[in-house]
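Worksheet: the structure to be examined is printed underneath.
Protein chains in written order, with our numbering: chain A, 1 to 386; chain B, 387 to 539; chain C, 540 to 820.
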């Protein structure tokens, strides 16, 4: 990404103008809003839809909103939604087919997705988008559905002003500061009466957008204040993951007894795969109507936690919850590295928060690392001379 | 001092084996116990023990990808388990799992091979017994395979 | 010449030129393109995704002659909803086809060497293109051996072709069945296919082996070949897992770090040995 010099200051009162500029350019604005006692990503009509004055408290299996004592617009971390639901939609029709005598015609979908502007993308999620780009755009072929949504996406990142109870972006080197992948990146500053954003520009599109709205250069003090905020966030991480040698560690320990331990807790509910911003697995459903004349193929999100996922004639290859949890975690943290050159995990902690029983992959990894020797003990119990 | 010798002598495998030979082989033996469900050995692992089951039940299994562990034979008190310790490359060719609490003697494979190398006559005695067991198993397996209970196609 | 970007998730219509029942649960379809002149070059070992209107799609290996890309042959076992629906299709019906996908058998790497082809059950179908390929350039290969094991004589595939191949002086063919049920006739071998390896004449130092069949059969076959003195780098197997897209996006066919649809289905044994010895992968 080309270096764009200088940082700007955007007053909170003028943020709506950024929204207006994006709408004028034909973008559909998507960003955080409060719904059903969580902060989710939805279409936004104005700045008023942002979760003003809300914070979130997260821990294993726990998520609560609580009121802040200020009016920060981005005073929270990440919720159950990620940007993948827009770029890699949960349900998508691939084509329709019409019977023609003994034959049939396939009718391609006229896929015309909206041009999205994402407001409030955290650094971890920028990495998640890059991880999905690698899988769905830059591997042997590109997924046309993902590409159509990704190409025109305008991204306004937000540098986190606070870390979450399950966050570990520092361990995964994915934040808290946004360093790439954005058109604009903002740090929210509240100082007494003042409420403004220090804005960094990432692309030409970002330059064009910022030029349409009232702004001025950010002073040294303001820039320092923004940097201070992000630096402080880095010290507040709720979790940590030791990533040294993690691929080899997990490759060595496919039979570690810890997998039995986690299997006794895991419900295979698949929440983690739904909230994880990098999980990309899908399935295909072929359906027809009662007349048998019209058929459709749909693609929808799928999860490796289901029995169907690994089904071959005769049975499922991963018949036990133990093997399915192990598949998810070793894919995310180990085999992903061999497949795509990076970890699949970006340290957002959503899987920890949204697991109903609070399974924490940082803890599972730690347990395996610390008890690795114990995992390879022999089996026999010696019963003496009886 | 109590040794395993009298108990080994009582096991069917050692029937009619000379006292001196039994004593010698006791040096390779220890008592082992497996809890119900416990894996005794897995296909591919080093085959370094010869097990003589005293009490309990053991399933010989093969792991089939889409089926999981498929049992092929059940062994119990008085049975011998495993002969891959005798034949290079000394790797187990099947899985074995205790179905209930199982007590057994485990005779160390290397120790046994060593003693047989030193005294080929002892080796011959052991081999005769093991050949008999293998022969019985082969015969039984062939009968199993013929699927004689199945309805005619 | 313009390159058409074909959406790889869009099936193309192919017509059934011939549908033939092979055994009690296996059938073979010969397909021709719905548009005359279309053809689909493929390499031995590759597979197509075959779509039955309204029912679904399944991955099926090519089992025809790669020298004849205008005719697609697929031998299918009717074991699930889609394949059972497919077994009811007749001449003139249309099937949707996407492909070819996957990594091929090492027919090039095998030139100048002895070749051992070991098939178990339906595993003979993905290996038949190898035999056609080799026979079309027979002088480039050393001794060629086919070992084939089926459950019963009634389950033996391509019987007339096997007999033809058996009659050739430049091909060693041995077939065996697990047992002979009442009412069936068989004058060939009885016993598992691994027992045929000892009697097959090939130089383990100069041989490439290609194996296809149930995973457990391939596992035991590899053990016998290694015992015979072959190296892990000269043994190739064909893996199978659940597949939905065949283009590396749905994630279903993962086997450790590999995607069977694009890194396989054919794998050199040494490259996946560590994963084969793990369970529930």
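Quick reminder that beta carbons are idealized off the backbone N, C-alpha and C, glycines included.
Within-8 angstroms CB hit, residue i to chain A
i, result
"residue 453 of chain B", "yes"
"residue 594 of chain C", "yes"
"residue 702 of chain C", "no"
"residue 784 of chain C", "yes"
"residue 548 of chain C", "yes"
"residue 587 of chain C", "no"
Contact under 8 angstroms by Cβ, residue i with residue j
i, j, result
"residue 463 of chain B", "residue 439 of chain B", "yes"
"residue 109 of chain A", "residue 94 of chain A", "yes"
"residue 784 of chain C", "residue 284 of chain A", "yes"
"residue 759 of chain C", "residue 733 of chain C", "yes"
"residue 338 of chain A", "residue 239 of chain A", "no"
"residue 736 of chain C", "residue 763 of chain C", "yes"
"residue 99 of chain A", "residue 158 of chain A", "no"
"residue 15 of chain A", "residue 47 of chain A", "yes"
"residue 301 of chain A", "residue 287 of chain A", "no"
"residue 484 of chain B", "residue 448 of chain B", "no"
"residue 219 of chain A", "residue 115 of chain A", "no"
"residue 595 of chain C", "residue 658 of chain C", "no"
Assigned secondary structure, residue i (DSSP; H/G/I helix, E/B strand, else coil)
i, result
"residue 500 of chain B", "helix"
"residue 128 of chain A", "helix"
"residue 180 of chain A", "coil"
"residue 315 of chain A", "strand"
"residue 644 of chain C", "coil"
"residue 605 of chain C", "coil"
"residue 800 of chain C", "coil"
"residue 222 of chain A", "helix"
"residue 212 of chain A", "coil"
"residue 197 of chain A", "strand"
"residue 807 of chain C", "strand"
"residue 384 of chain A", "Because the pLDDT of residue 384 of chain A is 38, which lies under 50, any placement of that residue in the model is unreliable, and the question is left without a value."
"residue 95 of chain A", "strand"
"residue 751 of chain C", "strand"
"residue 598 of chain C", "strand"
Buried or exposed by the 16-neighbour rule on C-beta atoms within 10 Å, applied to residue i
i, result
"residue 346 of chain A", "buried"
"residue 708 of chain C", "exposed"
"residue 531 of chain B", "exposed"
"residue 781 of chain C", "buried"
"residue 809 of chain C", "exposed"
"residue 180 of chain A", "exposed"
"residue 698 of chain C", "exposed"
"residue 55 of chain A", "buried"
"residue 480 of chain C", "With chain C represented from 540 up to 820, any question about residue 480 of chain C goes unanswered, as that position is not in the structure."
Close beta carbons around residue i, own chain, < 6 angstroms, minus the five adjacent residues each side
i, result
"residue 653 of chain C", "681, 682, 741, 742, 745, 746"
"residue 695 of chain C", "689"
"residue 215 of chain A", "8, 10"
"residue 63 of chain A", "353"
8 angstroms Cβ cutoff, residue i in contact with chain C
i, result
"residue 332 of chain A", "no"
"residue 366 of chain A", "no"
"residue 534 of chain B", "no"
"residue 427 of chain B", "no"
"residue 521 of chain B", "no"
"residue 144 of chain A", "yes"
"residue 473 of chain B", "no"
"residue 449 of chain B", "yes"
"residue 413 of chain B", "no"
Neighbour flag for residue i against chain B, beta carbons, 8 angstroms
i, result
"residue 319 of chain A", "yes"
"residue 40 of chain A", "no"
"residue 349 of chain A", "no"
"residue 810 of chain C", "no"
"residue 312 of chain A", "yes"
Neighbourhood of residue i by C-beta, 8 angstroms cutoff - its chain only, sequence neighbours within 5 removed
i, result
"residue 225 of chain A", "189, 191, 198"
"residue 646 of chain C", "582, 583, 669, 672, 673"
"residue 711 of chain C", "682, 683, 684, 685, 739, 740"
Any non-hydrogen atom of the ligand PLP within 7 angstroms of residue i CB
i, result
"residue 704 of chain C", "Ligands are entirely absent from the displayed structure, and the ligand PLP is therefore not among its contents."
7 angstroms CB neighbourhood of residue i in its chain, flanking five on each side removed
i, result
"residue 516 of chain B", "469, 472"
"residue 399 of chain B", "438, 466, 515"
"residue 381 of chain A", "With a pLDDT of only 47 at residue 381 of chain A, under 50, the local geometry of the prediction cannot be trusted, and the value read off the model is given with reservation. Contacts found: none."
"residue 576 of chain C", "none"
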